[in-house]
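Visitor: The working numbering runs 675 ahead of the 1-based position in the sequence shown.
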Amino acid sequence: MYSTKKLFTLILCVLLVFSTFNTNFVKASEMSNEEILALDETEAVTKNPDGVDPLVAYARKEYKTRGYNIPQIAPSSLNAYEAIYTATMRISASLRNMTDEDKATKTKQVPEGAKLTIYEILPNWALVDYNGHIGYLLRSYLNEGSITPIDIVNTPPYGVTKPKFVGKLTETALIYNEPKADAVPFMIPVTTGADLAILDFVDGYAKVLVWRNYGYIDAKLIKDVMLVSPTDTPLSEDTPIAAFCSFYEHSYGSESNDSRCLNIEVSTKYMTTVMQPGESFDFNAQVGPYKRSKGYEAAPVLINGTTQLGYGGGTCQSSSTMYNALVQLPKLAILHRRPHGPNSAKYLPIHQDAAVGNNALNLIFRNDYDFPISIKATAVKGCLFIAIYKN
């Protein structure tokens, strides 16, 4: 049975499709969630001259009104945890009793330079012990260069996130904050055909890293699932030895964002390559120069903590995503890498970005393996994917 509201929406759709060009269009920002969900993609073109995809509009609205973050409460004891890293404080800051800056209570001030022990790393937070005081700290408060594994044999270097699987989306999907259908969606739907780097499967959902949170995608919408080798020895000819993906905003009616999406897509064809043993890859030289003549457009870039327009805006996400795949392999030597700053770029966990664009900001690495490697890069609206194979 159609509700009155849905029936009204259906009638409205029909009227708009057959109306003249002088029709007063309805924008996504003026529609309810139910009206947005009632649209299909062809209707969205008619109803949204501002370029907003209806599913994107719905996800952004839900994300902002319901809140995506699920705070974790600091434990009273660390008996169930294992110490994994030591670190020092970059600045003075307070321990928090939960992973929510607005709701958390400050429990203990930790001075600049103080040494502490890390028991858990989350995308945006670290669970730490400082002289017997347990709490969460934002990762940006830690001195990145000081973070050292306690067990260097069995603990990966800080900032390394290796997925267990890769797969491909069979249809456009929402990313939820919990592995259930009524959970809050992240503001970026991922488009059909996107390649995914999957951390694990939880209750029928694929767990992914989305900006500075974890997200969950319905596993029924994913095909061609394949293991990622846990080492640098492939499990088969088709098995990647490293993979990573990051998510980016798209289709919400911003011309500069559309250009950023295009730049990310353009960069993938220059990142896709085969590297011989001993060969180096200079990102600025090989993916750049970031000019119109190479296919790039003007889009927002992050410079000294502020956003400005520049050709090739978006390629820092490309280099950062590549960097996160590279660091999974110990014999891909990082020769030059710089972050955007202490707070890093928002589309990745703290300390896991790699800025590019000039002599100081570049990503350069070398293949120190005794075999060639191939790098595959793809970008489908919403998801940038990098996989590395033994060639």
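Note that the Cβ used here is the ideal one computed from N, Cα and C, for glycine as well.
Within the same chain, show all residues whose beta-carbon is closer than 6 Å to that of K843, passing over the 5 residues directly before and after it, in chain order.
Guide: The sequence position of residue 843 within the sequence shown is 168, counting from 1. Hits under 6 Å: D870, K898, D899.
Visitor: So, is L1059 buried or exposed, given that buried needs 16 or more other C-beta atoms within 10 angstroms?
Guide: Numbered from its first residue, the sequence shown carries residue 1059 at position 384. Looking at its Cβ environment, which holds 16 or more other Cβ atoms inside 10 Å, L1059 is buried.
Visitor: Give every residue of the same chain whose Cβ lies closer than 6 Å to the Cβ of S926, excluding the five residues on either side of it in the sequence, and list them in chain order.
Guide: Counted from its first residue, the sequence shown places residue 926 at position 251. Answer for S926: D728, V731, listed in chain order.
Visitor: So, do the stretch 925 to 939 and the stretch 874 to 887 have three or more beta carbon pairs nearer to each other than 8 Å?
Guide: No: the two stretches stay apart, fewer than three of their Cβ pairs being nearer than 8 Å.
Visitor: Buried or exposed: where does V803 fall if 16 or more other Cβ atoms within 10 Å of its Cβ makes it buried?
Guide: Position 128 of the sequence shown holds residue 803. So V803 ends up on the buried side.
Visitor: Can you name the start and end residues of the beta strand (DSSP E) that L1059 belongs to?
Guide: In the sequence shown, counting from the first residue as 1, residue 1059 sits at position 384. From DSSP, the beta strand (DSSP E) with L1059 extends over 1058 to 1065.
Visitor: Taking three-plus beta-carbon pairs below 8 Å as touching, is the stretch 986 to 1002 in contact with the stretch 1023 to 1043?
Guide: Enough Cβ pairs lie closer than 8 Å, so yes.
Visitor: Nearest to Y1064 by alpha carbon, out of T947, E737, D826, S767?
Guide: As a first step, residue 1064 must be located in the sequence shown, where it is residue number 389. Of the candidates T947, E737, D826, S767, the one whose C-alpha sits nearest the C-alpha of Y1064 is T947.
Visitor: Relative to the C-alpha of T969, which candidate in N888, Y1044, K944, Y833 has its C-alpha closest?
Guide: Working through the sequence shown from its first residue, we reach residue 969 at position 294. Note that residue 969 is Lys in the sequence shown, not Thr. The residue with the shortest Cα to Cα distance from K969 is K944.
Visitor: I need the DSSP call for A1000, collapsed to helix, strand or coil.
Guide: Position 325 of the sequence shown, counted from the first residue, corresponds to residue 1000. Helix at A1000.
Visitor: Return the CA-CA distance between V885 and N818, expressed in angstroms with no decimal places.
Guide: Reading the sequence shown from its first residue, position 210 is the one you call residue 885. Reading the sequence shown from its first residue, position 143 is the one you call residue 818. One C-alpha to the other measures close to 23 Å.
Visitor: Report yes or no: do the stretch 736 to 743 and the stretch 751 to 759 share at least 3 C-beta pairs separated by less than 8 Å?
Guide: The answer is no - the stretch 751 to 759 does not touch the stretch 736 to 743, with fewer than three Cβ pairs under 8 Å.
Visitor: Give every residue of the same chain whose Cβ lies closer than 7 Å to the Cβ of R735, excluding the five residues on either side of it in the sequence, and list them in chain order.
Guide: One-based indexing of the sequence shown puts residue 735 at position 60. The answer, listed in chain order, is M862, Y927.
Visitor: So what's F958 in DSSP terms, helix, strand or just coil?
Guide: To locate residue 958, count along the sequence shown from 1; it is residue 283. Three-state result, F958: helix.
Visitor: Who pairs with P824 in a beta bridge, going by DSSP?
Guide: The residue labelled residue 824 in the question sits at position 149 within the sequence shown. DSSP lists Y760 as partners of P824.
Visitor: Could you check if N806 is buried or exposed, using at least 16 other CB atoms within 10 Å of its CB as the buried criterion?
Guide: As a first step, residue 806 must be located in the sequence shown, where it is residue number 131. So N806 counts as exposed.
Visitor: Just list the residues that DSSP pairs H808 with in beta bridges.
Guide: Walking along the sequence shown from the start, residue 808 turns up at place 133. For H808, which the question treats as bridged, DSSP gives the partners Y805.
Visitor: Helix, strand or coil: how does DSSP classify L730 here?
Guide: Your numbering for residue 730 matches position 55 in the sequence shown. Helix, per DSSP.
Visitor: Quick check: the Cα distance between Y891 and E737, rounded to an integer number of angstroms?
Guide: To locate residue 891, count along the sequence shown from 1; it is residue 216. To locate residue 737, count along the sequence shown from 1; it is residue 62. For Y891 and E737, the distance between alpha carbons rounds to 16 Å.
Visitor: I believe A779 touches N772 by the beta-carbon criterion, under 8 Å. Please report the beta-carbon distance rounded to the nearest angstrom.
Guide: As a working note, residue 779 is residue 104 in the sequence shown. As a working note, residue 772 is residue 97 in the sequence shown. Indeed, because the Cβ distance is near 6 Å, the residues count as touching under 8 Å.
Visitor: Under 8 Å: do the stretch 835 to 855 and the stretch 899 to 910 share three or more Cβ pairs, one atom per stretch?
Guide: Touching, per the Cβ criterion.
Visitor: Under 8 Å by Cβ, that's how I've got G989 and A974 pegged, so tell me the actual separation to the nearest angstrom.
Guide: What you label residue 989 is simply residue 314 of the sequence shown in a count that begins at 1. What you label residue 974 is simply residue 299 of the sequence shown in a count that begins at 1. The pair is a contact, with the Cβ atoms about 5 Å apart (cut-off 8 Å).
Visitor: Let me confirm a value: N829 is counted as buried when at least 16 other C-beta atoms fall within 10 Å, else exposed. Which label applies?
Guide: Stepping through the sequence shown from its first residue, residue 829 is reached at position 154. By the neighbour-count rule (16 or more Cβ atoms within 10 Å), N829 is not buried but exposed.
Visitor: Kindly list the residues whose CB is nearer than 8 Å to the CB of N799, restricted to its own chain and excluding five residues on each side of it in sequence; keep chain order.
Guide: Taking the first residue of the sequence shown as position 1, residue 799 is located at position 124. Answer for N799: T774, L813, R814, R887, N888, P1024, I1025, listed in chain order.
Visitor: Would you grab the beta carbon distance between C991 and A1020 for me? Rounded to a whole angstrom, and I think it's under 8 Å.
Guide: Indexing the sequence shown from 1 puts residue 991 at position 316. Indexing the sequence shown from 1 puts residue 1020 at position 345. With a Cβ gap of about 6 Å, C991 and A1020 count as contacting.
Visitor: Just curious, the alpha helix (DSSP H) that V941 is in, first and last residue?
Guide: Indexing the sequence shown from 1 puts residue 941 at position 266. Unbroken alpha helix (DSSP H) run through V941: 930 to 946.
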